[in-house]
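Accompanying notes for the structure given below.
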Amino acid sequence: MLGSPLALLGFIFITLITPIHTFPPAISFSPYKFQSTLEHFPICRYCLCDHHQAAVTCTGAHILINTLHLPPWTSTFHLHNVSVPRMPHFGYSPALKVLRINNCGLAEIHPLSFVPLPNLETVHLADNLLESVEDTLFSRLEKLRVLNLARNKIKDLRKVEFAISESVVLEQLNLDGNPIQIGPGPKNAWPMSRQVHLANTGLAKVNGTHFVFKPSDSCAPESCRHISIPSAAWSHIVTADLSHNPELHIDPATMPLLANLTSLNLAKTRLTWGLSTLFHPEANLRHLDIHGATLANDSRDIWHYCTSRLEWLDISNTGTKSIVLSKECTGLQWMFASDNEITEADIEATGLRVAHLDGNKLKEWPFVVGPPALQRMMHQLETLNLGKNELTSLPSEALVGFAALTTLNLAENDLVNIPKDAFPEVGFHLHYLNLSHNLIKDFPRLVLPKLQVLDLSSNDFGPEGISMNAFDGMPSLQHLHLRGNRGILDACEEEIELEGLCWVGSASKLTNLIELDVSDCAVTKISVLRELQDLQSLNLAKNELLQLDFTNLPQTLVHLNLRRNKLHSTKNLIQTTLKTTLIDLDIAENPLRCECNLFALAPLLSRQADYTDRSQYYCFAENWQHPLKSYLDSAEHFCSASEREDSSGTIATFIINSLALLVFCLVVAVIIAYFILKIYNHMHCKGWSSYTPVAQNDLPVDL
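Counting with mature numbering (1 follows the signal peptide of the UniProt record, and there is no 0), you get residues -22 to -1, 1 to 681 for the letters of the sequence shown.
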């Protein structure tokens, strides 16, 4: 017996509740399916909490943060674009390893701010307003490996107390972009670090023992504006970024120390002597960036520096006039020599994967051309950029042996023709070919089975410059650019009745072709492009179209650009399937008539960024120019529903409407005639058959 009603109720309650706690639903164990646990942390109501990545991210100027209690699983916390002039107070978070506070206006950090975060490994405080760092701030962070204070307001390193133990070697110390004027002084030890970043800090001199900053009003003597670098520090440094210090002078005795680094960035500095020391046979340098640097005359005249270990070389915009990369450069994979004055190049580096020689004065092909055995040396080259040079022709078999080449840029040269034998027909995997802005008059049939993008814009093809079977050997072509070739479709329109005399016939066989650009080609009419059945994007901008029958366009189009033509009406667009397939339509800068049928295009046009610009989108009515958006907004009031939906007046619609009106008039006429006849008959019959007795005024007389 349970003894009492209360005991009975208690037993029932315990019976119902116990299974809930004993057997929780399986979904509560999955952080991917059951996210309500995040609601227990107030910060997750305003910030993005990702339990799976163990990260919390807060962004947005509307957030005000003073005290933070992070979820216990948080490993990474990122504040971005939040107004935080003072470091927030953190609750105890032993799991936090990465702290990022960027672009938050942070100007003050309390000395004990990191006490609740004992296991921090990365402190990233770039892009703030810090001027000083207290001495006890980093002293308790025994696991600190990355310290980034880039692009703050630090001028005096005496106010930055790193206080990092000598036994701790940082992975990265970044002070880029700080206007440093005064060194740390003898009391403040410079921390050991594998990566040192001092780009754009006002460095003036580097020698084996000191980094010296340029003089200022607050510190003119060299003794107060230098950083002492102990000899042991050089044994730890792997990467050094000293770039964007235009007055930097590097002592020649320091070059051997820099040569032992793995990565060195001296872009936009002065390298007037000692450069060859970086390339001695025992140098360990793998990544060298000196773009925009001022070189000595002998280095500018001919660049021949290289080692077997060098993998990345950037000598862009250094005024180099000639470049020679011999077979000894076996390790070089990425080479950038853009925007120089190179007139001659001899490249035999066998391991090159990427080569940029654009923006120079090359007139001849920079690679050895000869028997196939010599061509195999470039079998790893994937990207070759020779744009903006002065090449006039391609030698025969120029690309034979470039088996791995996928990207070739020959734009903005002086090429007049493209020899068919310059491209191998077997074993060539080119994906991207740019021949734009040349002087090419004839484009032959090339066999490029892997080609996906072909740019032939701004050449001199004319009506018959492209062979009628030009694209037969490009079954994978997806993007074809013919912009700026005036008259490119003229021959196609003239010979529309004759099959096979136009390049469009060859292009129509490309089942993968999804984009065609024939803008600025002086096109006056379109009737052949409907053969491109799989086309999704068509650019007809800057042409001379007066009218356009949209049934002559591929009905699969998704993007259609008709900007800057001479169209007066969109006519039968809403009668075609394009009305449903198009998601992007640009008809700006056309002298459109203000017609009610434009109302159906309003949803498409509203997606254009400049739709509200009256200088771009307008229409004309009775010699008055109206902003198109304003007209369409008001069309709802003065245009009937039928006019808004369809007022194009096709023949079929006209006939149907006329027949319907005729039938309606006939029915009405029959009904009216029926009632008239009925009334007439009624009145006519009544006049003939009605009988009225003759009045007898005299009394009867008995005769």
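C-beta atoms are modelled at their ideal positions from N, C-alpha and C, and glycine is treated no differently. Here the structure is a predicted model, which is why all the values come from computation and not from measurement.
The beta carbon of SER196 lies closer than 6 Å to those of GLN159 in the same chain, with the five residues before and after it left out. Going by DSSP, MET313 is part of no alpha helix (DSSP H) but of the beta strand (DSSP E) stretching over 312 to 314.
One thing to note: LEU46 has its Cβ within 8 Å of the Cβ of PRO66. Within 10 angstroms of the beta-carbon of TYR595 lie 16 or more other beta-carbons, which makes it buried.
Judged by beta-carbon spacing, ILE504 lies beyond the 8 Å limit of ARG541, meaning their Cβ atoms are not closer than that value. Taking ALA33 as the centre and dropping the five residues before and after it, the same chain places the C-beta of THR54 closer than 6 Å to its C-beta, in chain order.
In the three-state scheme derived from DSSP, where H, G and I count as helix and E and B as strand, TYR658 is classed as helix.
Here GLU86 is bridged, per DSSP, to ARG64. Nearest neighbour of VAL216 by Cα position, chosen from GLU225, ASN338, HIS175, ALA231, turns out to be HIS175.
Runs of the alpha helix (DSSP H) lying entirely within the region 221 to 281, each at least 4 residues long, are 233 to 237, 275 to 279 in chain order. Take GLN311, set aside five residues on each side of it, and the residues of its chain with a beta-carbon closer than 6 Å to its own are GLU289, GLY329, ARG331, in chain order. For LYS183 and ASP317, the gap between their C-alpha atoms comes out near 28 Å.
Boundaries of the beta strand (DSSP E) harbouring LEU181: 181 to 184, taken from the DSSP string.
Residue environment analysis places HIS40 among the exposed positions, since fewer than 16 neighbouring C-beta atoms fall within 10 angstroms of its C-beta.
Under the three-state reduction of DSSP output, ARG136 falls in the helix class. Annotated three-state conformation of GLU493 is strand, per DSSP. Between ASN463 and GLU390, the alpha-carbon positions lie close to 15 Å from each other. A residue is called buried when at least 16 other Cβ atoms come within 10 angstroms of its Cβ; ASP336 meets this threshold and is buried.
In the DSSP assignment, TRP481 falls within the unbroken alpha helix (DSSP H) covering 481 to 485. Linking HIS56 to ALA237 through their CA atoms gives a straight-line distance of about 37 Å. Assignment of beta-bridge partners to SER206 by DSSP yields HIS188. With respect to PHE528, LEU551 sits close: the two C-beta atoms are nearer than 8 Å. Straight through space, the alpha carbons of VAL431 and CYS82 are spaced by roughly 43 Å. If you ignore the 5 residues before and after ASN338, its C-beta comes within less than 6 Å of the C-beta of ASN318, ILE320, ASN367, all in its own chain and listed in chain order. Taken through DSSP and simplified to helix, strand or coil, LEU372 comes out as coil. One thing to note: LEU220 has its Cβ within 8 Å of the Cβ of ASN243. A direct Cα-to-Cα measurement between GLU326 and THR361 gives close to 15 Å.
The C-beta distance from SER435 to SER454 rounds to 20 Å, too long to fall under 8 Å, and the pair is not in contact. With a 10 Å radius around the Cβ and a threshold of 16 neighbouring Cβ atoms, THR179 comes out buried. For LEU524, same chain residues with a beta-carbon under 6 Å away, outside a window of 5 residues either side, are LYS544 in chain order. A Cβ-Cβ separation of about 21 Å leaves ARG278 out of contact with ALA261 under the 8 Å criterion. With fewer than 16 other Cβ atoms from the protein chains shown falling within 10 Å of its own Cβ, GLU120 counts as exposed.
TYR658 and LEU640 have their alpha carbons spaced roughly 26 Å apart. In the structure shown, the three-state DSSP call for TRP212 is helix.
Taking a C-beta distance under 8 Å as the contact criterion, ALA333 and ILE301 do not qualify as a contact pair. Our two residues, LEU531 and LYS549, have alpha carbons roughly 14 Å apart in a direct line.
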